[in-house]
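Residue numbers (my numbering): 93 to 252.
Put into structure tokens, the structure is as follows:
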């Protein structure tokens, strides 16, 4: 369900970013926004709540964007997503956008799930290992699942 909602939004943003030659900047801004939202569980729940009005969410998002140096294209895109009541799908939209950007660079995307957050060093080592095995650069989408006893789940996919 989320994928069906996320794909058109991600595709539209990707086309705009590519047309404006801002793909890298948009991808960086989306990562920053994702990180900022992820830093506050309360804010994340607020944005996903069906009880909170879209206007209230848009105002909160504007406050967040004011604190971050967000790409203008991303800021306008996020306002549109908020106005359309689709902020609950923002994570899926960002993942779908990253997949499209990775495909454009000739990369493969892998979803990595671990019991605890991975360090930057661990992410780099995993990406290097996967690149050595398959011969392509691998972009990692990280997820945490505390129910895992240990180790990693790695699901690789070529977008297309």
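Beta carbons are placed, not taken as given, at the ideal position from N, Cα and C, and that holds for glycine.
{"query": "Residue of 129, 97, 111 and 237 minimising C-alpha distance to residue 207", "result": "237"}
{"query": "Any alpha helix (DSSP H) of 4 or more consecutive residues that is wholly inside the region 138-168", "result": "146-159"}
{"query": "Range covered by the beta strand (DSSP E) that runs through residue 203", "result": "200-206"}
{"query": "When 115, 197 and 181 are compared against residue 228, the one with the closest alpha-carbon", "result": "197"}
{"query": "Counted within 10 angstroms of its Cβ, other Cβ atoms place residue 129 as buried (16 or more) or exposed", "result": "buried"}
{"query": "In DSSP terms, what residue 231 is bridged to", "result": "201"}
{"query": "Exposure of residue 112, with buried meaning 16 or more beta-carbon neighbours within 10 Å", "result": "exposed"}
{"query": "Residue 114 - containing alpha helix (DSSP H), residue span", "result": "No alpha helix (DSSP H) contains residue 114, which DSSP labels as neither H nor E."}
{"query": "Residue closest to residue 245, alpha-carbon to alpha-carbon, out of 203, 188, 209 and 214", "result": "203"}
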